[in-house]
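Residue 293 in my numbering sits at position 277 of the sequence shown; the count goes up by one each step and never skips. Just so it is clear, CB atoms sit at the ideal spot from N, CA and C, and this is done for glycine as well. Since this is a predicted model, take the numbers as computed values, not measurements. Below: one structure, written as structure tokens.
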Amino acid sequence: MISKEQIAEDYKQIQDEICTALEQLDGAAKFEEELWEREGGGGGRTRVIQNGNILEKGGVNFSAVHGHLPDTMKRALQVEQDDFFATGVSIVIHPNHPLVPIIHMNIRYFEMPSTMGDSQKPVRWFGGGIDLTPHYVIEDDARFFHGGLKAACDQYYADFYPRFKKWADDYFFIKHRNETRGIGGIFYDRLTANDELSWEDIFEFSKSVGRSFAPLYTELVNRNRDKSFTEAQQLFQYQRRSRYAEFNLVYDAGTKFGLETNGRIESILMSLPPTAKWVYDYHPLTGSEEEKTLSLLKKGINWV
């Protein structure tokens, strides 16, 4: 099994690669970095980009933390041990253009080593995924995005894309709105080695997911960044952002884990948009692009 130190180092490299690609994509804004330490063990590198040509607010965060799990998290994770190690890269990008989508990515590794004399095996797993939240669903873009994710999955296991796509549909669902956060993507958790996949295979898959982010998002941004838009479309963008905020504050497991384990608040809530609006009792005009988008925010759409 590859070491947790090597996993963390490779994740830091992926953070570097993605930040470079996003700065090139924006053409003006640069990432600001803040190094931080976690009380209890570990730390990370928070990198934020703001007020760019196209990237209004974004974060590409790396963390590698360790310590003791609180009882609430032990119950949630269904584990008995106290000591844990977790590392990962987490990304959220909010563009300033209503026809350019919000995107989120996370790759992570979690480990609870067995203590001396403990008969239990160490607990470890990988998790992660990428999902897309368009303010306006453009069907060709949705097919391109899902096609790229399927290609990344198919390199490793034929079952990955359909299984992880359904997982994303179910996970990124705003129950109180009865709608999905966006058009989904892939999501997986507690992925472990088995007879067909080694730990090294799963780690390589995790890195492939991370490295699919930049080319996929660069293409989607460049397809749409020069299109004109109206004030009404920007208002709808702010409204869609409000749903994104609702999901992250109410349901997102990463947000809950960070808060419960005394994570850095600014890094955890980096995912929230800079501006959002809650329009009371909104109903789109019949036949409008807004109505079309809302009709596509549901589970089970086959984009490939």
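Rounded to whole angstroms, the gap between the alpha carbons of ILE23 and TYR125 is 8 Å. In terms of Cα proximity to GLU50, the closest of SER287, TYR296, ARG280 and PHE219 is ARG280.
When C-beta atoms of the stretch 160-177 are compared with those of the stretch 103-116, fewer than three pairs fall below 8 Å, so the two segments do not count as touching. Under the three-state reduction of DSSP output, ARG241 falls in the coil class, being neither helix nor strand.
For HIS120, there is no enclosing alpha helix (DSSP H); the residue is part of the beta strand (DSSP E) that begins and ends at 118-128. Here the stretch 50-66 makes no contact with the stretch 172-190; the two share fewer than three CB pairs at distances below 8 Å.
ALA102 is bridged by DSSP to VAL81 and PHE126. In this structure, THR36 is the residue among THR36, GLU127 and LYS28 with its C-alpha nearest to the C-alpha of THR234. Setting aside the 5 residues that flank it on each side, TYR152 is surrounded in the same chain by PRO114, LEU115, GLU305 and THR309, each with a C-beta closer than 7 Å to its C-beta; the list follows chain order.
If you compare the alpha carbons of ASN278, GLU307 and THR291 with that of ASP87, the shortest gap goes to ASN278. It is roughly 23 Å from the alpha-carbon of TYR267 to the alpha-carbon of VAL225. Looking at the DSSP output, GLU33 bridges to nothing.
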